[in-house]
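Note that the numbering used here has the sequence shown beginning at 109, numbered continuously upward. For glycine and all other residues, C-beta sits at the position ideal for the given N, C-alpha and C. Since the structure is predicted, the reported quantities are computational estimates derived from the model, not experimental observations. What follows is a set of notes on a single structure, which appears directly below.
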Amino acid sequence: MKCDICDANESIPFRCNYCDKLFCQMRRIPVNHSCVSVNEYINEKTLKIILQWIRIWNALA
């Protein structure tokens, strides 16, 4: 299998949990392949946390 960035042949490629692409060991971490999907994931998680705090705040008010 080949890395989606550098085309390096990898016997055991790494699949990104966020964008689902294959990468070599050097680019397996989302930051190292400029993963756009990881930012969407973080934004979604942040929004859920904010909404949870708003619900708690409203319940206490």
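Report back the beta-carbon spacing between residue i and residue j to the nearest angstrom; my notes put them in contact at under 8 Å.
i    : j    : result
C111 : P121 : 7 Å
S145 : C127 : 4 Å
Thinking C-alpha only, which one of the options is nearest residue i?
i    : options                : result
A116 : I158, Y126, M134       : M134
N140 : C124, K153, N151, E152 : C124
Under the DSSP definition of a beta bridge, which residues are partnered with residue i?
i    : result
K110 : N117
L168 : In DSSP, L168 forms no bridge with anything.
R123 : L130
Do residue i and residue j have their C-beta atoms closer together than 9 Å?
i    : j    : result
L130 : E118 : yes
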